[in-house]
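Worksheet: one structure, shown below.
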Amino acid sequence: MTSVALRTDLTTRAAYVSDASIYRRVPAAVVEPHTVEDIREALRTAAERGWPVTCRGGGTSVAGNAIGDGLVIDTSRYFNEILQIDPQARTARIRPGVVCDALRDAAAPFGLTYGPDPSTHSRCTVGGMVANNACGSHSVAWGSAAENLVSLKVMLADGREVEIGADSCSDPVLEDRLRQIRDAHLMVLRNELGQFPRQVSGYGLHYLLPENGFDMAKVFAGTEGTCGVITELTVRLVERPQATALAVLGFADVFDAAAAAPLLRRPGVYTVEGMGADLLAALRSRPGRETAGSELPEGGGWLYVELGAGTADEAGEAARSLVDALMREGRIVDSVVVTGHDEARALWTIREASAGIVTRLPDGGEAWPGWEDSAVPPEHLADYLRDLYALLGRHGLQGIPFGHFGEGCVHVRIDFGLGTEDGVAGYRSFIEEAAALVARHGGSLSGEHGDGRARSELLPVIYSTEALGAFAEFKAAFDPDNFFNPGILVDAEPIDQGIRPGPGIRHFDLTPVHAFSRDGGSFVSATNRCVGVGLCRSDVGSMCPSYQATRDEVHSTRGRARILAEMLRGESVTDGWQSKETLEALDLCLSCKACSSECPVNVDMATYKAEFLYHHYNGRLRPMAHYAMGWLPLTSRVLEAIPGSARLANWILGFRPAEELVKRLAGIEPKRRMIHFAPVTLRKWFAKRAAAIEAEGERPAVVRSTVMLWPDTLTNFNAPDVGQAAVEVLEALGYRVVLPQGQVCCGLTWHSTGQLDMAKKVMSQSLDALEEALSQNLPIVGLEPSCTVMLTHEITELLPDDPRAAQLAGQVVTLAELVAEHDGAWPFGVVDAPAISQVHCHQEAQGTYDPDLAVLRKLGIDTDVIGSGCCGLAGNFGFEPGHFEVSQGLGERELFPKVRAKGESTLVLADGFSCRTQVQQGTGVRAQHLAEVLRGALSSEAGGQSVPQGIPVEG
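Each residue of the sequence shown is one higher than the last, beginning at 32 in my numbering.
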């Protein structure tokens, strides 16, 4: 190949072993084409090497049709241009790698949108949607991907690019062959296919019928990559309603909701989505989500019915009229109608998170796709659901059905015991019975997303021999040599072949250092949390920053989880915990913890990385940066113990040649500037101040109670001015402030570098030093967000058998939480200024910024919170060699441009020392901690001073 590079390295291949299905195939190579010619060359190379070809977009397929053991062509990274939006024709011409939301955003200025919108719309590609005939929640109004396809270009195995339209084909031989297939099977096509909207299983040959216009474009939709490579698409755009209202209808149970769903298919209705109380229970089982779904009306089953109209008032009135009619008929028990975007978004989030949420059942058990997209005529849905629940009961299985009830399509994840041979046999038994069940109800194995490896073998259950023969003839017309995605639809692979979480997944399992309390103490079970829905590949939100910077599957949360799973299996990645492939994949993980909260199943890659690094380097020499950054707390204590050493260190680092030498010896990224050490630490300042107060006999007039300030390493040794400000603020609020008597450390730097024995040791020593504070139940105020998260979350996972760890986690509060809850005299003035705020990624993931915003509002500060997540420095990450470009690139997404463009009066806020360092080194502006802002807002009577703005600094 000349212009396109094959990725044959094991790291990449391991990242692509699966999609969002239960299946596993290790590809021979992956290619990410930029051009049509790249694809042509890729096909030529695959043919020469005897590789089959599989196309892949966002990799969110739940049926296993985006994986293969040959060449995987991933169009999502580069082959993703929007070529043209034609608002008059209401069409878009695009490359297959365009993400659904990107197309919708491009069409929005014209009042148009792309109709199909599966729950993965923020990362699935339109090419993949067409290939699998995706639908989404609005299909009751706008139809499936097939129904929104105008024309396409397809490359065949010999490199020819064929253009296929609604009634034309640039290859007359192929067109004639399709007519022959249609004419030979007219009766079957009319009687077996296209019987209801969500009949997606098999090939959609009914589109070739004369009454359907012999539409060769639509028939290609749903071919699941088995007939060629899509190189270009022209898709239909639809007019967006001027205004919408969402009516969420509460029913006694999910069966009543299903029975009512087909009655709501009417003009002006855009969605009829259903879910039951069991899904809500699963959502509420997630950490921090105990009250989720409080916006829902009463009931045991719900329908989400969106209505459109010319104005919000008209849409709201239509929704209320619908509710009134259903209430009079006694069909619903309660309802909620909203017309505001934010209210509707909050409700939709519950439904859209379902695909990931139900991967873990409320009792913590694993649940899997497999019987994921079955569909029946909508009028049969209630009976089908009752029978499906009964079938689950007979097999002793749990599952949570939900889905597109208005079109009879059901999604469900089921707790198959796939880790054993007996469990796999039980899986087959259930799936075979479920196929027979859906056939009895006149349904389809798949209602969207295709049959793939999950259901292709079962097509004979719902289709006649003649229909299956027509499918084979259609496949052969495009791909006579079975070059594209073999084993799918025609000559199907067994449904129980190559199951990813199947037997053998625990070859390199061991007893981890972390408790993994939510995963039964198993690292394998923890990595199995990733089911592959791919939210980590989204451009919105905080997850996953390294993917957002690189667009590389390897550097997504999902890619890393796949590589870890391959390492634990030991078949492709054979070196176990010494695996260089796993180390490479984890290298760009910032340990920002965004995945621990944003991932629907709470994958915690930061913890997985720390665990891996511990075992990988156990008894071996580590990178110098692990010693330099990991042991920073100890280095800082040494400098504190030797008078004048901090000033000497700063003086030496002030000479650029000396700084460069230190960075080289310490294994620090050469493009970074070193941090400096405070000549007077917070502890020394506090002791000297306390002695002076004692000598002068001064005492605060009023003491509300005593709080302990946690003197974290960075505040104590590098930014004591933040700690000093916090002391003054707390005292102004009437608190007596104390510091721990002995040295304390949260262990963060050791934890993030995988030095877990040392992390546990310093945590235990800190608990010893806190005995008095714990016994007195003193609030322990944290200033550094990453340390606060260590003390409230990680400590109980590393010291699960020490009851003091859980007690400490319950006593730790942030400064903002304490100030926001203050009910006494308010000593602060009004600042009345705008601000840009960078929330620390750990606080965003495992804490809350709500108290901070409440305090800032009370100060009169209008805060623009950076929405792109991690600042990019992420503690030791940004100081490690090879990370600078990614680190700076992440800052350039939003943080740096906004800071550079800020007005003179605009404050720049960042509680994290890393965040402030990133802002300073990236923009030359000094950001402030909330404690500094509060101290500046103290009234003159309380000894306050004016609030400094974002301050330009040197170097």
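Backbone N, C-alpha and C define an ideal beta-carbon position, used for all residues, glycine too.
Every value quoted in this text rests on a predicted model; they were computed, and no experiment measured them.
Just list the residues that DSSP pairs residue i with in beta bridges.
i	result
S366	L280
C86	I104
F859	L969
T780	Beta-bridge pairing links T780 to no other residue.
A123	I116, V266
A60	L102
Y54	I530
Of all the options the options, which has the alpha carbon lying nearest to the alpha carbon of residue i?
i	options	result
E348	H372, A133, T275, D309	T275
L314	A97, A721, R382	R382
L224	K694, I493, L180	I493
G996	A656, R695, G535	An answer regarding residue 996 cannot be provided, because it is not within the stretch 32 to 986 covered by the chain.
N681	D418, M705, M660, L696	M705
N808	V738, Y766, A677, P742	V738
V260	D404, G307, G88	G88
V562	F461, E337, P532, A546	P532
D606	D618, D895, H646, R582	H646
S175	G478, Q774, L961	G478
T43	V455, E612, T156	E612
Among the residues of its own chain, which have a CB less than 8 Å from the CB of residue i, if the five just before and after it don't count?
i	result
L378	L277, V279, E326, L327, Y335, V367, V369
A625	G572, S573, M574, C575, P576, C872, E875, A876, G900, C901
V984	Confidence is the limiting factor: at V984 the pLDDT is only 38, short of 50, which leaves the residue's position unreliable and the question unanswerable from this model.
S622	M636, A637, K640, A641, S783, A905, G906, F908
Apart from the five residues just before and just after residue i, which ones in its own chain have a Cβ nearer than 6 Å to its Cβ?
i	result
H851	In the sequence as presented, His is not what sits at residue 851; that position holds Ala. Around A851: P882, A885, V886.
W82	A59, G101, L102
V793	C776, G778
D365	G281, P328, E329, G330
S182	G196, A248, T265
E990	Only positions 32 to 986 of the chain appear in the structure, and residue 990 is not among them; the question remains open.
M32	The predicted model places M32 with a pLDDT of 42, which falls under 50 and marks its position as unreliable; any figure quoted below should be read in that light. These residues qualify, in order along the chain: E72, T76.
A97	D50, R87, G90
How many Å lie between residue i and residue j at the Cα?
i	j	result
R56	I530	9 Å
P118	P543	57 Å
E691	R947	22 Å
S977	G967	Only weak support is given to the placement of S977: the predicted model assigns it a pLDDT of 43, under 50, and the value that follows is read from those uncertain coordinates. When rounded, the distance between both Cα atoms is 5 Å.
D40	M598	15 Å
S52	A94	5 Å
P1019	A197	No answer is possible for residue 1019: it lies beyond the span of the chain, which begins at 32 and ends at 986.
V407	E875	42 Å
L294	E438	11 Å
H824	A840	7 Å
A988	V956	The displayed coordinates of the chain run from 32 to 986. Any statement about residue 988 would go beyond what the structure contains.
G909	E759	32 Å
K933	I892	14 Å
L468	D418	8 Å
P517	A523	8 Å
R678	V711	9 Å
S316	D512	49 Å
F751	F686	Reading off the sequence shown, one finds Pro at residue 751, where the question assumed Phe. Cα to Cα, P751 sits roughly 24 Å from F686.
W608	E925	37 Å
S676	A689	16 Å
G975	L670	Because G975 sits at a pLDDT of 38, beneath the cut-off of 50, its placement in the model cannot be relied upon, and the following sentence gives the value as read from the coordinates. G975 and L670: Cα-Cα distance of roughly 32 Å.
At least one CB of chain D closer than 9 Å to the CB of residue i: is that the case?
i	result
S199	The chain inventory of the structure shown lacks chain D, comprising one protein chain alone.
Give me, in chain order, the residues of the same chain whose beta-carbon lies closer than 7 Å to that of residue i; leave out the 5 immediate sequence neighbours on both sides.
i	result
P525	E488
A289	G305, L412, A413, L416, F436
G434	G305, C440, V441, H442
V219	S495, E497, A498, A501
L268	R121, T122, A123, A138, L143, T144, Y145
A790	G778, W781, H782, L829
So is the beta-carbon of residue i under 8 Å away from any non-hydrogen atom of the ligand ADP?
i	result
T823	Judged by which ligands are present, the structure shown has none, so any question about the ligand ADP falls away.
Residue ranges of each alpha helix (DSSP H) run of no fewer than 4 residues wholly in the region 489 to 546, ordered along the chain?
490 to 493, 496 to 509
Which runs of the alpha helix (DSSP H) spanning at least 4 residues fall entirely within the region 810 to 852, listed in chain order?
816 to 820, 826 to 829, 834 to 842, 846 to 851
Segments assigned beta strand (DSSP E), at least 3 residues, entirely inside the region 292 to 375
300 to 307, 332 to 340, 365 to 369
Of all the alpha helix (DSSP H) runs that stay within the bounds of the region 139 to 201, which reach a length of 4 or more residues?
157 to 163, 170 to 173
Extract the residue ranges of the alpha helix (DSSP H) inside the region 707 to 733, only unbroken runs of 4 or more that lie entirely within it.
Those alpha helix (DSSP H) runs which fall completely within the region 707 to 733 and span 4+ residues are 713 to 727.
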